[in-house]
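S.K.: Here you go, one structure.
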Amino acid sequence: MATSHRRDRSHRGPDGLTKDQRYYRSKRQKKKKEPSQPPSEISLARVEGNDLMLGHALGMGVSWPYSPIDQSTYPEMCRFSIIFKLVSKWALKWGGMENWGDELQAGYEHARDDRTEDDWYDDVWTHAHNGRALQNRLSELRGILPTEQHIIRELYRREVEASILLAKGITIIEIRVPMFYNLCSVNPRGISPLPPSSDLEWDD
Numbered sequence: 592m593a594t595s596h597r598r599d600r601s602h603r604g605p606d607g608l609t610k611d612q613r614y615y616r617s618k619r620q621k622k623k624k625e626p627s628q629p630p631s632e633i634s635l636a637r638v639e640g641n642d643l644m645l646g647h648a649l650g651m652g653v654s655w656p657y658s659p660i661d662q663s664t665y666p667e668m669c670r671f672s673i674i675f676k677l678v679s680k681w682a683l684k685w686g687g688m689e690n691w692g693d694e695l696q697a698g699y700e701h702a703r704d705d706r707t708e709d710d711w712y713d714d715v716w717t718h719a720h721n722g723r724a725l726q727n728r729l730s731e732l733r734g735i736l737p738t739e740q741h742i743i744r745e746l747y748r749r750e751v752e753a754s755i756l757l758a759k760g761i762t763i764i765e766i767r768v769p770m771f772y773n774l775c776s777v778n779p780r781g782i783s784p785l786p787p788s789s790d791l792e793w794d795d
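Residue numbers (my numbering): 592 to 795.
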């Protein structure tokens, strides 16, 4: 593959910074200008109030673990069912988490060829940020719980399942993305195929 059209990302401009350094500095400056807001509020601010209506608005048809959910009796279960479905939807990006390793690598190389790395970085890191926001939502579960032991056990099981899924996905992004940049810095011709995400970051 021809590499003459690629930009040398290690080149320093008049300000003494590389392109990546300028990019992350501008991101930090932009973040400082934004109003202070807890991470969990940024992308999921609507997961409050009438969660049942929100679920139907998102086309998620909330019906777990009983149908219909009595929101006045079990507000916590209704709220959690919304969060769990948001977690499932989050994990489906890029063709599903089992494909994230290959899809992230292909996306990075495509963006590098098209000189659209900044947009690609924004998309990937925003997705990781949204995953952390969902983690915060899981940690904030509150309200009246059902009295039935089997329902409480199911709630606990699904909360653990969602927490593991989010941690795995965020780990894949945080390990893979810097790795792509570092490997391309050493080998401008591209990245050799890497091990599957499940082998590299997580031991099931």
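Backbone N, C-alpha and C define an ideal beta-carbon position, used for all residues, glycine too.
Classify Thr707 as helix, strand or coil using the three-state DSSP reduction.
M.R.: coil
S.K.: Based on Cα-Cα distance, which residue from Trp685, Phe675, Arg748 lies nearest to Gln726?
M.R.: Phe675
S.K.: Hey, how far is the Cα of Arg733 from the Cα of Gly687?
M.R.: 30 Å
S.K.: In three-state terms, what does DSSP make of Thr738?
M.R.: The answer is coil: DSSP assigns Thr738 none of H, G, I, E or B.
S.K.: Distance, Cα to Cα, Asn721 vs Trp691?
M.R.: 16 Å
S.K.: My assumption, with CB atoms under 8 Å, is that Leu729 sits in contact with Ala758. Please give the rounded CB distance.
M.R.: Not quite, the Cβ-Cβ distance comes to about 11 Å (not below 8 Å), so this is no contact.
S.K.: Which residue from Ile755, Ile763, Asn773 puts its Cα closest to that of Ala719?
M.R.: Ile763
S.K.: Distance, Cα to Cα, Asn773 vs Gln696?
M.R.: Roughly 12 Å between the two C-alpha positions.
S.K.: Taking buried to mean at least 16 other C-beta atoms within 10 Å of its own C-beta, is Tyr699 buried or exposed?
M.R.: buried
S.K.: Residues in its own chain within less than 7 Å of Trp711 by CB, not counting five upstream and five downstream?
M.R.: So the qualifying residues of the chain are Gly698, Tyr699, Ala702.
S.K.: Roughly how many angstroms separate the alpha carbons of Asp693 and Val751, rounded to a whole number?
M.R.: 26 Å
S.K.: If you drop the 5 nearest sequence neighbours on each side, which residues of the same chain put their C-beta closer than 7 Å to that of Lys684?
M.R.: His718
S.K.: On a Cα-Cα basis, can you pick out the residue from Pro737, Leu677, Cys669 that is closest to Arg723?
M.R.: Leu677
S.K.: Would you call the CB atoms of Leu756 and Leu746 closer than 9 Å?
M.R.: No, they are not a contact pair.
S.K.: Looking only at its chain, what residues have a beta carbon closer than 6 Å to the beta carbon of Arg767, apart from the 5 residues adjacent to it on each side?
M.R.: Leu695
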